[in-house]
Every structure is written in structure tokens, then in C-alpha cells.
Amino acid sequence: MNYLYYPGCSLKGAAIDYDESFQAVASSLGIEIKEMKDWECCGATVAKSVDEGLSETLPLSTLKNAEKEEKDLLMLCPSCYVNHLQVSLKAKENETFFEQYSFNQVPEVKQLLEVLAFDVGAEEIKKKIIKPLKGIKVLPYYGCLTVRPFRLGGKESYENPKVMEKIIEATGAQPVFFPYKVDCCGGTLLLSKEKTALKLCASILKQAKKLSPDCIVVACPLCHFMLDAKQRTIERELKEKIDLPVLYITQLLGLALGIDYKKLGIQRLVTSPKRFLQKIGV
Amino acid sequence: MKESVIKLIHTDTIPESSICVQCGKCSSGCPVAFESEHSPRKVIRFLQWGCLKEASQSPFLWLCASCQACTVRCPRGVNISSIMLSLRRIAQQQGWVMPEENLSYYKTFINMIKKRGKISELRLGLATALHKIPSHPIEDIVLFFKLLKRGKLR
């Protein structure tokens, strides 16, 4: 398991805790990574909305870079993942495109959940757990792009994926069945259609609250920003207390692997995880 | 229709709209359809009628969150999300964007990529707030300082 790690804009900004916790967890799980230094933004949904050419050239430069390194590309942000995967598939399927950019071998593009669930595997993770999170109820939230339009790991269901639940079980915690787990959090609309974005996120937090989990777990920087950082605003909109800590899947894993919470960036969460941490004895 | 526009349509997924059977599955599962007078089904219907301009001016276009739910659920395999993106591009190229749409976020984002190759969320957020007052300014200011303190803005 050796990957070229593409962080992307969010992972070096508001999702710095995702980056930190991933790097801490990767070495414990035997995931070898080489971090890309000269990377460019993937264009998110914006480049695709404005300039088709740009939405292809941005991921292309990263793909060419990975080809040189002869490694699979690993992305944590699902938006970066979808954009790169789309262009890599085009290069594989379209001969003219393949030759135009003189590829020899198009690198594989993978997302974190895929690597954790299928390359490492829940069984392997379970063997390395030092501090099982017994009695903790964890609510998994996938969002959109981890499961659509490409099936997670090429095989998961679009509507009822289960890999996060398996990872949660491996940590010793109890996954909660969340019927809204693949609904959209509205994150991509936050800066263009704020009111709509907040409504979408509010409905997710409201439904999550009803199941009274100890924490929510996500694998996307944008979902995290909406559910964690925007939680106060949403409480205002709903006129209801939510007070649910939102962790990255790597932070939850890290705690169960016995890694210090500061190395996992947990002190950076906006919605206080204090009660949750007390419950697991950190 | 202008020749340049016809060329545009043929290079992407828009022709797929012709196989749509108007079952409405896309719209019943769409998380943002409730916000707009048009649903994704209606936008596709405009295309079937050859009304490219009406489709490109639909208020639904800029509400689409690209969540891909419609695309994976369509029983005919129409790539609806991709059609919405194509229509956004056509609307801008042809100058069909409705005056009430504020696309400053898109412009700032693209300029930032072209200039620096990366996005600074701090700059992007601030620039967007200048063009459009946030709906919860006080909470946003509090959040700004919280994020700053936590080293999440750089």
C-alpha cells in the first residue's frame, strides 16, 4: 500500500485536522504515503460550471505527476477525487485523449474510504485497535460524492453504502443506522445559495439529533464544515439545540488506535467534543 | 439556432435528454427542487422541445448542488448533473444568465485558480461576503474568529 497523496485546498485550510489525523493514522495502519508538493486545485464544481477545458487541465497535471511517480493517487476530499477520477477514466477510455497527453499508464485514483475499507480492510483495522470505543454510538454520514456518481470502491450501493459502518464497528463503537446518510449537506452551495445550503444541512442535523448519537462521523471536508462549523448557525435557524460533535473518520480511528487527540487535530473542532471525549475517557 | 450553439450541444451530454421518459424520478429525489419553480425534469423537458435558451435560463440551474442523486437514479441513464453543468456553461457563453443570478462566487473562484493555482478559503469567503451579505452575519463573524483561533484559516 503505497500512494501519492494529493491533499487539495481544503485539507491545507479549514480541514487541516483531516490532514493531520490522516497522516497520524496512516502510519499506524501501514498506509505508506508520499505527499505531493506541487499540486493544483481540482476546480471543484466551479471549473465544470464555467470552463470545460480548465476542468480537465487542472486534474490532468496531477495525473501526469502521479504517472511519473508510478503510484496510485489518494485523495481525501471527495470533490477532488471525483474530478480526478473523471479525467482519469476519460484518459483510459478515449484513445485520442490518451495520446494527446502522452500517457503510458493512467494512474488509479482512490478515495480514503475505499483505501480503508478495501485496501486495508476492517479486519486488519480491528487487529490494531488499542482502545476500543465500547458503548459509543456513532452516526455515519457519507454525503454525496463519496458514493456518487462512482460506486464507492466500484461495488458499494449508491443508496445504502456500508463501509463506514464496518470501520466504525472495527473501532469497537456501535454504528447507528442513518436513513439520511447519502443526502446532500448543501456544502457546495454555501457561498452561492447560502439559504438553500443551510436548509439542507439543517434537515440532516435535525434528523441526526433524533437518533441521539455520541458523535457524527464524516469523510468530506465540506460536509464537515457544514455540520461542524455551521452548526451554531443552524441551531439559530432551527431554534433547537443540536450540540453534536462531528469527527472525521480518521479522527475516530485515531482515538481507537490510541493516538493522542492533539495529534488528530480534535482540539480544532468548532462544535465542542468535550462530552464525547469524557465518555471515551480522553 | 446559431451554428456555434448547435456545435456546443453536440459535444456534450445534452443530446442524452432525448431519451428521457419524463418519469420524474430525478425530481422526486432532488434535494433542491423544492426551492425552484422548475424541477430537473422540467429543464430536461425544455431541451426535448428544443428550447435551449429557456433551459439555460431556468432558475434551477444555479441551485443544483451537483449531488448526483438524479444521475444515479435515472432509469434511462441520462447524465442529468452533467447536463446542468453544460447548461451553466452555455448560459454564460451566450449571455443568457438572468440578471438576478449573482455569479460573483464563480468568478472569484476561477480568478483565484488562474492566479495562484490554489484556493484560499479565507479569501474566497471574504470576497463572496463582499458581494452578498451573509444571512447570519453575527454568527459568521463569531465563526471567523473561532476558525482563526483553531488555525483553520490560512
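Respectively, the protein sequence lines represent chains A and B.
Start counting the first sequence at 0; every next residue gets the next number (numbering that gives the first Met the number 0).
Start counting the second sequence at 0; every next residue gets the next number (numbering that gives the first Met the number 0).
Idealized CB from N, CA, C, for every residue including glycine.
Check the Cα spacing between Lys36 (chain A) and each of A:Glu69, A:Leu115, A:Ala65: the tightest is with A:Ala65. Proximity of Glu98 (chain A) to chain B, defined by a Cβ-Cβ separation below 8 Å, is not satisfied. As far as DSSP is concerned, Leu112 (chain A) takes part in no beta bridge. Non-local C-beta neighbours of Glu19 (chain A) in its own chain, meaning closer than 6 Å and more than five positions away in sequence, comprise Gly264, ordered along the chain. At a C-beta separation below 7 Å, Cys73 (chain B) has no neighbours in chain A, since its nearest C-beta there lies roughly 11 Å away. Pairing Pro174 (chain A) with Val137 (chain A) gives a Cβ-Cβ distance under 8 Å. Think of a sphere of 9 Å around the beta carbon of Ala228 (chain A): the chain B residues whose beta carbon falls inside it are Leu142, Lys145, Leu146, Lys151, in chain order.
With a threshold of 8 Å between beta carbons, Gly124 (chain B) makes contact with chain A. Assignment of Val31 (chain B) by DSSP, reduced to helix, strand and coil, places it in the coil class. Scanning chain B for C-beta atoms nearer than 9 Å to the C-beta of Thr95 (chain A) yields nothing, as the closest lies near 13 Å away.
Put simply, the backbone Cα of Tyr17 (chain A) is about 42 Å away from that of Ile18 (chain B).
For Leu151 (chain A), the CB contacts under 7 Å within the same chain, skipping 5 residues up- and downstream, are Leu112, Glu113, Thr145, Pro160, Val162 in chain order.
When secondary structure is reduced to three states using DSSP, Pro174 (chain A) falls in the strand class. The three-state secondary structure of Leu3 (chain A), taken from DSSP, is strand.
Counting C-beta pairs closer than 8 Å gives three or more between the region 47–64 of chain A and the region 86–103 of chain A, which meets the contact rule. Around Cys40 (chain A), the beta-carbon contacts reaching into chain B at under 7 Å are Ile112, Gly116, Lys117, Ile118.
Straight through space, the alpha carbons of Ala128 (chain B) and Glu100 (chain B) are spaced by roughly 15 Å. For Lys33 (chain A), the secondary structure class from DSSP, reduced to helix, strand or coil, is strand. Within the region 12–43 of chain B, those residues whose Cβ lies closer than 7 Å to any Cβ of chain A are, in chain order, Pro30, Val31, Glu34.
For the pair Lys47 (chain A) and Gly116 (chain B), the Cα-to-Cα distance works out to about 16 Å. Of all C-beta pairs linking the region 117–131 of chain A to the region 19–35 of chain A, three or more are shorter than 8 Å, placing the two stretches in contact. Using a Cβ-Cβ cut-off of 8 Å, Asp259 (chain A) does not count as an interface residue toward chain B, since no Cβ of chain B sits closer than that to its own.
In this structure, DSSP gives Lys106 (chain B) a helical state, which the three-state scheme calls helix. Pro133 (chain B) belongs to the set of residues whose beta carbon lies under 8 Å from a beta carbon in chain A. From the listed residues A:Leu276, A:Leu3, A:Ile258, the smallest Cα separation to Lys127 (chain A) is found for A:Ile258. With respect to chain B, the C-beta atom of Glu51 (chain A) has a partner C-beta closer than 8 Å. Cβ-Cβ distances below 8 Å link Ile124 (chain A) to Leu28, Leu115, Ile166, Ala169, Thr170, Leu252 in the same chain, with the five nearest sequence neighbours on each side left out; the list follows chain order.
From the beta-carbon of Arg147 (chain A), the residues of chain B found nearer than 8 Å are Cys66, Gln67, Ala68, Thr70, Val71. A straight line joining the alpha-carbon of Lys273 (chain A) with that of Cys29 (chain B) spans about 36 Å. In the structure shown, the three-state DSSP call for Val86 (chain A) is helix.
Counting only residues of its own chain and dropping the five nearest sequence neighbours on each side, Glu39 (chain A) has a CB closer than 6 Å to the CB of Leu57, Ser60.
Sequence-distant partners of Ala14 (chain A) (beyond 5 residues in either direction) whose C-beta falls short of 7 Å from its own C-beta, in its chain, are Pro220, His223.
Residues of the region 243–258 of chain A whose Cβ lies closer than 9 Å to any Cβ of chain B: none. Taking 8 Å as the cut-off, the Cβ atoms of Phe21 (chain A) and Leu75 (chain A) count as close. Annotation: Lys136 (chain A) is outside any alpha helix (DSSP H); the continuous beta strand (DSSP E) that includes it extends over 136–139. Contact between Cys63 (chain B) and Val31 (chain B) holds, since their C-beta atoms are separated by about 7 Å, short of 8 Å.
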